[in-house]
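This report concerns only the one structure given below.
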Amino acid sequence: MKIPLEPVRGMRDLIYPDSEGIEYLKSTFSDLASSYGYELVIPPTIELFSLFAVKSGPEIKKSMYVFEDKAGRQVCLRPEFTAGVARIYLRSFRNRPKPVKIYYVGSAFRYEEPQSGRYREFIQAGVEYIGEPSYYADVELLLLIRDYYRAVGLKDYRVKLGSMGIYRKLFNSWRIPEETQDLIIHYLDKKMLDDALKLIKSSSVEADLKVIEELASFSSEDPQELERYAGEVNVKEDIKEEVRSLAKILSILKDLNVPNPYVDLGFARGLAYYTGLIFEIITPALNFSIGGGGRYDGLIALYGGVQTPATGFALGIDRLYLALENSGWEMPKKRLRVGLIALISDLKYVDLTSSRLREVGLSVDVRITTKKKVSDLISDFSSLGYDYVAILGEKEYSSRSVTIKNLKLRTQKTLDIDSIKSGELP
Numbered sequence: 001m002k003i004p005l006e007p008v009r010g011m012r013d014l015i016y017p018d019s020e021g022i023e024y025l026k027s028t029f030s031d032l033a034s035s036y037g038y039e040l041v042i043p044p045t046i047e048l049f050s051l052f053a054v055k056s057g058p059e060i061k062k063s064m065y066v067f068e069d070k071a072g073r074q075v076c077l078r079p080e081f082t083a084g085v086a087r088i089y090l091r092s093f094r095n096r097p098k099p100v101k102i103y104y105v106g107s108a109f110r111y112e113e114p115q116s117g118r119y120r121e122f123i124q125a126g127v128e129y130i131g132e133p134s135y136y137a138d139v140e141l142l143l144l145i146r147d148y149y150r151a152v153g154l155k156d157y158r159v160k161l162g163s164m165g166i167y168r169k170l171f172n173s174w175r176i177p178e179e180t181q182d183l184i185i186h187y188l189d190k191k192m193l194d195d196a197l198k199l200i201k202s203s204s205v206e207a208d209l210k211v212i213e214e215l216a217s218f219s220s221e222d223p224q225e226l227e228r229y230a231g232e233v234n235v236k237e238d239i240k241e242e243v244r245s246l247a248k249i250l251s252i253l254k255d256l257n258v259p260n261p262y263v264d265l266g267f268a269r270g271l272a273y274y275t276g277l278i279f280e281i282i283t284p285a286l287n288f289s290i291g292g293g294g295r296y297d298g299l300i301a302l303y304g305g306v307q308t309p310a311t312g313f314a315l316g317i318d319r320l321y322l323a324l325e326n327s328g329w330e331m332p333k334k335r336l337r338v339g340l341i342a343l344i345s346d347l348k349y350v351d352l353t354s355s356r357l358r359e360v361g362l363s364v365d366v367r368i369t370t371k372k373k374v375s376d377l378i379s380d381f382s383s384l385g386y387d388y389v390a391i392l393g394e395k396e397y398s399s400r401s402v403t404i405k406n407l408k409l410r411t412q413k414t415l416d417i418d419s420i421k422s423g424e425l426p
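Put into structure tokens, the structure is as follows:
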């Protein structure tokens, strides 16, 4: 039987160097999130469908991988992480002192049309900051993102801010049902303003469509301009306060050197659980966002807990990698790579030498061979991008040494294996 070698459509094999690049971005995020005081959780890949059906929004519901397991339960591959983390919080963290700070890194799945930067299995890294109502929690998320992108070398990006609180309060004042609100927000997220306006008009006689059109057309990177707009827009005072809150956060982010923040009042996010500040990360290297998040103060209560403020974000690791590649990025090497060519039969000495090289921070690939194969192996290691070859022959064996050749500089040294240091490499 002939087995197809291509992966399932929308999935992909990650091989070197992409696999190493993705792992570098994941591990760097883990290190940074830990340094900010977040604890790692690893949710299961399969969850009950009902967990996401409650408040995920129309788009995700349509694109989920949903199936029945052998016990007859309706389950799904997780389409995102926030709902799963909220479940974990209620199960394991709800009695902890607040706030609770959690991070995750892993794959999510959506049955969407594959295209550049969009896969049916994709990798997300994110945090959830649960139990803190103040704007500081939202600001800290963007500081973490700032430091993460700085650490991995992404320089050219912008932070787009918006508020679901503005729209939720408007729709509530117009007595639009919550499920209809979710669909309107979905249309706004997809830039389908005409569809959103039609649905608003058919759902409420009290609605003022001019307000929606005005909000959708306003954007600014100037906090003072946003403050002025809050005083002019024809909405109730509680909605004006949402705009002023955005102006305050925008001002703080500028003071803290978060790159290029701006407010777009027409901006919405499709996940239906957002209640306040929302944001996305955009870069000219790609024509889609590479991450986003926001405040979701009602989700914990929706799942059966007490009313609990929460905010979080998810970054697309695949998209970040693509953006970095498009900007000419080179992944920092974790270890220099050495191809060790052994021409001796004493495996104990081969192991001793390779272990010593690994101890000084090198990645060592051992090949046992005959002398006539040496030039072929050197050529192979060079074509694979190795930094060095190390040779163990009878001469090196008798003197407890190893000869190391720099494949790029074409220089070499013979070094004592008992006292070798990484700084002595040719």
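Take the sequence shown: its position 367, counting from 1, is numbered 367 in the UniProt record's numbering, and each next residue is one higher.
Don't be surprised by glycine CBs; every beta carbon is placed ideally from N, CA and C.
Sequence-distant residues of its chain with Cβ nearer than 6 Å to residue i (five each side left out)
i: G162; result: D264, F267, I278
i: V364; result: V338, L340, S354, L357, R358
CB of residue i within 7 Å of CB of residue j, strictly
i: G21; j: Y386; result: no
i: L336; j: L362; result: yes
i: V159; j: P261; result: yes
i: V207; j: L193; result: The question names Val, but residue 207 in the sequence shown is Ala. Against a cut-off of 7 Å, the Cβ pair of L193 and A207 comes out as no contact.
i: Y296; j: Y273; result: yes
i: S107; j: I123; result: yes
i: G117; j: F288; result: yes
i: V127; j: S30; result: no
i: I281; j: Y119; result: no
i: I300; j: A53; result: no
Residue i versus the options, residue with shortest Cα-Cα distance
i: E178; options: Y89, Y65, S204; result: S204
i: L246; options: V235, P259, G276, L271; result: G276
i: Y129; options: G10, E80, G312, R150; result: G312
i: P79; options: R73, L48, R91; result: L48
i: L384; options: E396, Y397, K408; result: K408
i: Y111; options: S63, F67, N234; result: S63
i: N234; options: S50, R73, E225, E214; result: E214
i: V100; options: F67, D147, R146, L40; result: L40
i: R91; options: P43, D147, M1; result: P43
i: Y167; options: P223, I3, M11, D189; result: D189
i: K254; options: Y349, R146, E241, A323; result: R146
i: G84; options: F381, S50, E113; result: S50
i: T45; options: V75, I176, P223; result: V75
i: L154; options: V366, Y388, P259; result: P259
Beta strand (DSSP E) segment containing residue i, residue limits
i: A342; result: 336-342
i: V350; result: First-last for V350: 347-359, but that is the alpha helix (DSSP H), not the beta strand (DSSP E).
i: residue 449; result: This structure does not reach residue 449, given that the chain is present from 1 up to 426, and the question cannot be answered.
i: L77; result: 74-77
i: R96; result: Careful: R96 lies outside any beta strand (DSSP E) and carries neither H nor E.
i: R158; result: 158-163
Residue i, buried or exposed, once every other Cβ within 10 Å from all chains shown has been counted against 16
i: R228; result: exposed
i: L415; result: buried
i: L256; result: exposed
i: G37; result: exposed
i: K333; result: exposed
i: Y136; result: exposed
i: M164; result: buried
First through last residue of the alpha helix (DSSP H) which encompasses residue i
i: Y321; result: 317-326
i: S401; result: Element bounds for S401: not the alpha helix (DSSP H) but the beta strand (DSSP E), 401-406.
i: R228; result: 223-232
i: V211; result: 209-216
i: I290; result: It is not in any alpha helix (DSSP H) - I290 carries neither H nor E in the DSSP assignment.
Residues of its chain near residue i, where Cβ-Cβ distance is below 7 Å and the 5 sequence neighbours each way are ignored
i: K371; result: L343
i: L226; result: S220, V243, L246, A247, L250, V263
i: P284; result: D156
Other residues of its chain near residue i: CB distance less than 8 Å, five sequence neighbours each side excluded
i: V374; result: I341, L343, I391
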